[in-house]
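Encoded as structure tokens, the structure appears first; notes follow it.
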Amino acid sequence: NAGVTQTPKFQVLKTGQSMTLQCAQDMNHEYMSWYRQDPGMGLRLIHYSVGAGITDQGEVPNGYNVSRSTTEDFPLRLLSAAPSQTSVYFCASGVGAGELFFGEGSRLTVL
Amino acid sequence: QQPVQSPQAVILREGEDAVINCSSSKALYSVHWYRQKHGEAPVFLMILLKGGEQKGHEKISASFNEKKQQSSLYLTASQLSYSGTYFCGTEKRRNNFNKFYFGSGTKLNVKP
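In order, the protein sequence lines correspond to chains A and B.
1 is the number of the first residue of the first sequence in the numbering used here; add one for each residue after it.
1001 is the number of the first residue of the second sequence in the numbering used here; add one for each residue after it.
This is the structure:
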């Protein structure tokens, strides 16, 4: 059972570069979301989706784009990376009001 | 939007008890509790859906007071394996969409 798979696990970018963090789940979950984790800030919601074609913003959406073309995939795009986006990113999926399953995280450094 | 957790950090000896609190300024639909070990992903512990309901198993339990918009996690007779950062997550609904927000975490360190 793969669960929630995130790639890449580590990435270093230069300011202004763009990139996409990939997230895939094989549990047929309708709900998928992206969080960033910074020291002392906990997990902050970036974007989330309740199904293919349906996305909405979370607490800290600026600088990030998402789309949901399939139930399985929910990529997070950084349009023009900034040092403030240095963080650990977690993708999570779930069913309705139930348990969230997290990926292993993607550690991003922006120089 | 984020729930507020307290305390920020706790140091315990094995066998001691701890309580972690979570409160929100907004009405809560449910409360989740997760534990994260260093360098790993958060792992689900339990969810509470009804006001006043208490859930748990073995030595970790939680309560949810819907009126006070508060939840507490109780760790009884702590073990070394309980060490980690505990997050409460709250669910808010907008236009039938569920948003899950997490607190800033409580770092628990259980020492021998």
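For each residue, glycine too, the CB sits at the ideal point set by N, CA and C.
- Assignment of TYR64 (chain A) by DSSP, reduced to helix, strand and coil, places it in the strand class.
- The CB of SER1104 (chain B) comes closer than 7 angstroms to the CB of GLY40, MET41, GLY42 in chain A, given here in chain order.
- In the structure shown, SER1025 (chain B) falls within a coil segment according to DSSP collapsed to helix, strand and coil.
- A Cβ-Cβ contact shorter than 8 angstroms links GLY103 (chain A) with THR5 (chain A).
- Scanning chain B for C-beta atoms nearer than 9 angstroms to the C-beta of PHE74 (chain A) yields nothing, as the closest lies near 14 angstroms away.
- With a threshold of 8 angstroms between beta carbons, GLY98 (chain A) makes contact with chain B.
- Listed by position along chain B, the residues whose Cβ is nearer than 8 angstroms to that of SER33 (chain A) are PHE1100.
- In the displayed model, SER87 (chain A) falls within a strand according to three-state DSSP.
- Using beta-carbon distances, PHE10 (chain A) does not count as an interface residue toward chain B, since no partner is under 8 angstroms.
- By the criterion of at least three beta-carbon pairs nearer than 8 angstroms, the stretch 1007-1020 of chain B is in contact with the stretch 1059-1079 of chain B.
- Think of a sphere of 7 angstroms around the beta carbon of TYR64 (chain A): no beta carbon from chain B falls inside it, the nearest being about 16 angstroms out.
- Relative to PRO8 (chain A), the option among A:PHE101, A:ARG77, A:GLU99, A:SER84 whose CA is nearest is A:ARG77.
- Only those residues of the stretch 1028-1052 of chain B whose C-beta falls short of 8 angstroms from the nearest C-beta of chain A are listed: TYR1029, SER1030, HIS1032, TYR1034, GLU1040, ALA1041, PRO1042, VAL1043, PHE1044, ILE1047, LEU1049.
- In this structure, the beta-carbon distance from MET41 (chain A) to CYS91 (chain A) does not fall below 8 angstroms.
- C-alpha of TYR1029 (chain B) to C-alpha of VAL1004 (chain B): approximately 16 angstroms in a straight line.
- Those residues of the stretch 84-111 of chain A placed with their C-beta closer than 9 angstroms to a C-beta in chain B are PHE90, ALA92, GLY94, GLY96, ALA97, GLY98, GLU99, LEU100, PHE101, PHE102, GLY103, GLU104, GLY105, ordered along the chain.
- Here the alpha carbons of SER1104 (chain B) and ASP26 (chain A) stand approximately 29 angstroms from one another.
- Between GLN22 (chain A) and PRO75 (chain A), the gap from beta carbon to beta carbon is short of 8 angstroms.
- Buried is the label assigned to ALA1041 (chain B), since at least 16 other Cβ atoms lie within 10 Å of its Cβ.
- Bridge partners of GLU1091 (chain B) according to DSSP: B:SER1030, B:PHE1100.
- Counted as a single uninterrupted DSSP element, the beta strand (DSSP E) harbouring LEU100 (chain A) occupies residues 100-102.
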